[in-house]
Amino acid sequence: MGVTHLSTKTSRGTPSPKTKKTFYITTPIYYPSDKLHIGHAYTTVAADAIARYKRFKGFDVRFLTGTDEHGQKIERRAKEAGKTPQQFVDEIVAGIKDLWSLLRISYDDFIRTTERRHIEVVQDVFEKILKKGDIYKSEYEGWYCVPCETFWLERQLEDGKCPNPDCRRPVELVREESYFFKLSKYQDKLIRYIEENPDFIKPASRRNEMLNFCKSGLEDLCVSRTTFNWGIPVPGDPKHVVYVWFDALTNYISALGYGRDGEEFRKYWPADLHLVGKEIMRFHTIIWPIILMALDLPLPKQVFGHGWLVLEGGKMSKSKGNVIDPVVLVDKYGVDAVRYFLLREVPFGSDGYYSEEALKGRINSDLANDLGNLLHRSLGLVERYWDGRVPTPQAGDTSMADYAREVVKKYEEAMDGFLLSDALTTVFSLVTRCNKYLDEEAPWAKMPRGEEAAASTVLYNVLESVRIVAGLLVPFLVETPEAIWTQLGIDESPRGKRWEEVVAWGGLKPSTRTRKAGPLFPRIEIRTQDAHPSTEGGAGEAGSELIDIERFKELDLRVAKVTAAEAVSGSKKLLKLQLDVGDGIGQRQVVAGIAKHYKPEDLVGKYVVLVANLKPAVLKGIRSEGMILAASHGEDCLRLLTVDGEIPPGSGIS
RNA sequence: GGCGGCGUAGCUCAGCUGGUCAGAGCAUGCGGUUCAUACCCGCAGUGUCACUGGUUCGAAUCCAGUCGCCGCUACCA
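Under my numbering, the letters of the first sequence match residues 672 to 1325, in that order.
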């Protein structure tokens, strides 16, 4: 493609086309023992946005992700599934790649630690360091649990026994030969490096932690295992396999062909950014740099430890059943809504809260109300008053142009520090400014007064701002920017165009025929679920809306037997009930607002109707796990629903 | 236990080296508008800036202590 015009203004950090600077960014390689969840998606989407931004800015980007496929856990999971480890991981990796394609992750390379290209480099690296003397053979002493086939550290034991809750059997002290890596030798060098390079570890709080850890003294690291086979054999000593982190971390250079053809390695190493979750900072800022030091290789320029998406109910875990599957979210809300939420909600290095309500809130308030509606209303005006053509601005009002320029500047600052959430906040401040500007200038009022020139300027300024907004969203969203440009009547896509051209004011040509379409982001109706678990509230608006059977089925109604009841102190209305809901559900505690109508002792033994899948609530400090149903008529009349005869507690109601 | 951090409007949080620092967004209420996806715009809040002392002319901002919460404290990825 012929680049004909010279860049008029070279933004900071933007290389000219001739001397294209490189940018190498990595995600962690994920462990394919299970499907990935929203947390993995978060890391990868963030890396993707950074990679897209850097490409936008003209960098020669290399974006690497992959999978870390060895280790005991995989070996076990495969066995349980009756598969070979390789078969097992192949299937999961296929699913991971599908997820990345669903989320439109623009990785340049996907490395798997079971690939030959990786195995060879790991063995090469191991051998080099061994020869150098920084890996040495010694004895590993540990407590071994024979039934569990697992080594434990002294401090992991519980009462000197196996800490596995299903085991708790005595362990035996075992010595075995192992390879050790001399972390201790490089301790001071690493400390100095971290101290002299304040940007090496981000954010600063993590940097301090890591520095602290180093200063407390590094022990040599055991880098081989003999207790399982699913790993890379130690060269020349195949009863050992290479320790997981030594294997995994090496992916960052094996993917570049370190020690082989070498060209890509020379081009892209050292990495500009390893983006990782805060939980694996230590491996990336201590073990990995020391491996590189032992190889006499330069260290990555930055390791950024991002925070987690925290769920309301605590950390995501399979046992809690609260694992959020990104595929489900994308199917439900669309890829751009999910990407937007992930990148907007979690600021800098801190944690962010995930809930579906928060996700819907973001979609509605930012994407639908502010951005989508802005485009919709301004194109509506263009259709009504300008016959669907971009109006011609008059000189004079530069307020929006000035504001947009300011936004672009702040956006660049945020992005250059990888502050994705801040960058998005800035972009949306321009959207908000546009909405306000439209209201202030009210072009729909100017037109009837014959102030067409002024109104044209206003509309142009808004449309042009929206054009730039779409451009700034290119790294974050994968469909919306082009959708906006299309509606603005621009035939090109903002993606792949040069940054300077996209963000320069005045790109939108007057007279362009616009193509207004449906809402960019439809509002999501948030069903207001009354979490009040008492029986108050009565009938509500009867007959206001018809529902289908599926909607009704969402309720889990059960017969429950009242086993105990007592008044709630400090409340005239509330009773605390213990319910027997059968074998399936068991005991439930419910707080019900029926004290004015029932005495506790009259309730015990009654069969009532429980909404079993209502979100738990806390009333007067007492947890209520559902609600029981009652009919009421005015203030004074309330009767509990019950069943017409004997039926086992827990029986379903339909 | 050791080191570090946090505790500011209902919610999520900004507030760097002390003097418009008492703020933003969301939620709430009221008003405006009706070009628009019940949208947008404006106004209004309430806050003992965890608690107790201290330094200072003056502290959310510095110091000490108390209470509460969180992170790190290595061989599980």
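Glycine is no exception: its CB is placed at the ideal position from the N, C-alpha and C atoms.
Note that this is a predicted model, so its numbers are computed, not measured.
Assigned exposure category for A1113 - 16 Cβ within 10 Å defines buried: exposed
Which listed residue (T1096, R1055, A1154, V1173) has its alpha carbon closest to that of M1118: R1055
C-alpha gap between F851 and T784, whole angstroms: 21 Å
Through-space distance from K832 to V842, alpha-carbon basis: 6 Å
Distance between beta carbons of L1248 and V1230, contact taken as under 8 Å: In fact, because the Cβ distance is near 14 Å, the residues do not count as touching under 8 Å.
Cβ pair F1192, L1038 closer than 8 Å: yes
One or two residues paired with Y701 in a DSSP bridge: T738
Assigned exposure category for E1083 - 16 Cβ within 10 Å defines buried: buried
Reference E935; option with closest CA among T693, G1323, T1069: T693
Spatial neighbours of D795 in its chain, beta-carbon cut-off 6 Å, leaving aside the 5 residues before and after: G930
Residues near Y1131 in its chain [Cβ-Cβ closer than 8 Å; skip 5 each side]: V1061, P1062, T1063, P1064, L1179, P1181
Start and end residues, alpha helix (DSSP H) containing K768: 756-773
DSSP three-state assignment for V1314, whether helix, strand or coil: coil
Environment of E1216 [buried if 16+ CB atoms lie within 10 Å]: Summary for E1216: the model assigns pLDDT 32, below 50, so the residue's position carries little reliability; its value from the coordinates is reported in the next sentence. Exposed, because fewer than 16 other Cβ atoms sit within 10 Å of the Cβ of E1216.
F1147, enclosing beta strand (DSSP E) - first and last residue: Unbroken run through F1147: none, as it is neither H nor E.
With 16 other Cβ atoms within 10 Å as the buried cut-off, status of L844: exposed
Proximity below 8 Å, CB of L774 to CB of R1010: yes
Same chain, Cβ closer than 8 Å to S887, five either side skipped, listed in chain order: none
As assigned by DSSP and simplified to three states, the class of R1076: helix
CB contact flag (H711, N922, <8 Å): no
F781: first and last residue of the uninterrupted beta strand (DSSP E) it sits in: 780-783
Spatial distance of Y702 from V1098 (CA atoms): 35 Å
Distance between Y807 and K860 (C-alpha atoms, nearest Å): 20 Å
Alpha carbon of G1177 to alpha carbon of T1157, nearest angstrom: 17 Å
Among R846, T697, D731, the one whose alpha carbon lies nearest that of D780: T697
Exposure label - S1325; buried when at least 16 CB within 10 Å: exposed
Three-state secondary structure assigned by DSSP to C885: helix
Collapsed DSSP secondary structure at I1195 in the structure displayed: coil
Whole-Å CB distance - R846 paired with E812, under 8 Å assumed: 5 Å
Buried or exposed (CB count within 10 angstroms, at least 16 for buried), Y1269: buried
Proximal residues to P1320 (C-beta, below 7 Å), its chain only, five neighbours per side dropped: V1230, A1231, K1232, D1251, V1252, G1253
Three or more C-beta pairs below 8 Å linking the segment 1160-1172 and the segment 715-734: yes
4 or more residues per run - each alpha helix (DSSP H) lying fully within the segment 792-880: 854-867
Ordered list of beta strand (DSSP E) runs contained in the segment 912-992, each at least 3 residues: 944-948, 974-977, 980-982
Local conformation of R1229 per DSSP, three classes: strand
Bounding residues of the beta strand (DSSP E) (the contiguous stretch that carries K691): Taken as a continuous stretch (DSSP letters only), K691 belongs to no beta strand (DSSP E), as it is neither H nor E.
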